[in-house]
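In full-length UniProt numbering, the protein residues as written are 1 to 372. Every residue gets a Cβ at the ideal spot worked out from N, C-alpha and C, and that includes glycine.
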């Protein structure tokens, strides 16, 4: 989840920046949906049985990838186009923003898995924790293809894929900066038609592409995000229009996804996700300390929730079996896991991610950047 690596004033902004507060909150909510989706299989009643919406984790993943392109284009597009930041510096800063905190969580997960196995508590799916998968995650190449299933810290495949997206962005950023809005719209259409055609060619729905085709999914969505940012750069909307549009888009997505999946519904769903991002990027809401922290903690929540879940849901069966908890109490315990994951994310951001990010960025270059 994108988060600005520059220190921000914790006080209320005197002059709201277009898209700043709204996108901070939206990316935190997207990370929260990913959290609920992944924890949902451990709920007292599996969440998709309560509503088909909870089986649509692709919505949050695709939202994250489009938003990553949108935010990166806004932060770096003009600077790359004007040559104010070198390609090498840009790539070092992007990798330097992602890799350190990713490694901290990966090593903690390794300690948990190896230690638990040594003590007689192996993971439920040991095949997800192979040495080759671990090494691929150390080098952040696990989302580049060649692997059938994600392992270890599963959600980080998107971070791996984004490294490829960043490299591609350096090649085309200067070209889209000068394109007309008609040209941008046409290119956006071509990119997404090609993406869906490619998925059809390998006999899968675009949102359901197997892990070995991760780049076929990530790259078009990231590129779409950058094009949407350029397309809507001149657009500004009032707060009332933002909230009305946001509510309408969310309700439409809920209604759409509860009716079942299909090509048309997937296209409409993606379009609605893009619309939400466009609305968020066009409104100027007054940010405050909470919105800033939500934006920053979204990356930490994305990184750490699998680790928290591994610990929490290893302990929960022992508690429920020992005390014969009622269904209501079981839901309370499950909900406490959600709260714990969110608290851990904020603590991790403050004590690990932010200090690491600032330390690394100071040593990589004197420029500023926007991080995931």
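Look at the Cβ atom of residue i, then the Cβ atom of residue j, and state whether they are nearer than 8 Å.
i	j	result
residue 302	residue 126	no
residue 238	residue 74	no
residue 22	residue 278	no
residue 145	residue 215	yes
residue 174	residue 81	yes
residue 106	residue 152	yes
residue 327	residue 44	yes
residue 236	residue 282	yes
residue 131	residue 310	no
residue 360	residue 19	no
residue 63	residue 30	yes
residue 291	residue 344	no
Go ahead and pull the three-state DSSP assignment for residue i.
i	result
residue 393	Only positions 1 to 372 of the chain appear in the structure, and residue 393 is not among them; the question remains open.
residue 237	strand
residue 141	coil
residue 108	helix
residue 283	strand
residue 119	coil
residue 85	coil
residue 147	coil
residue 361	helix
residue 44	coil
residue 125	coil
residue 326	coil
residue 72	helix
residue 152	coil
residue 271	helix
Taking residue i and residue j to be in contact with their CB atoms under 8 Å, please state how far apart those CB atoms are, rounded to whole angstroms.
i	j	result
residue 364	residue 93	5 Å
residue 226	residue 72	7 Å
residue 253	residue 59	7 Å
residue 42	residue 313	5 Å
residue 133	residue 206	Actually they are not in contact, since the Cβ atoms of residue 133 and residue 206 sit about 25 Å apart, beyond 8 Å.
Whose CA, out of the options, lies closest to the CA of residue i?
i	options	result
residue 231	240, 268, 209 and 185	185
residue 25	268, 297 and 49	297
residue 299	321, 67 and 59	67
residue 271	235, 168, 315 and 188	188
residue 211	149, 168 and 247	149
residue 276	70, 76 and 130	70
residue 79	176, 116 and 123	176
residue 167	77, 115, 333 and 322	77
residue 342	49, 294 and 213	294
Problem - Validate contact between the segment 18 to 37 and the segment 131 to 139 using beta carbons, cut 8 Å, 3 pairs - result: no
Practice task
Could you say if the segment 196 to 203 and the segment 242 to 262 meet the contact criterion of at least three C-beta pairs nearer than 8 Å?
Solution key: no
Problem - Inter-stretch contact (C-beta, 8 Å, three-pair minimum) for the segment 348 to 359 and the segment 101 to 111 - result: yes
Practice task
Examine the Cβ distances between the segment 80 to 93 and the segment 181 to 201 and report whether three or more of them are shorter than 8 Å.
Solution key: no
Practice task
State whether the segment 208 to 222 contacts the segment 189 to 197, with contact taken as three or more CB pairs (one from each stretch) at a distance under 8 Å.
Solution key: yes
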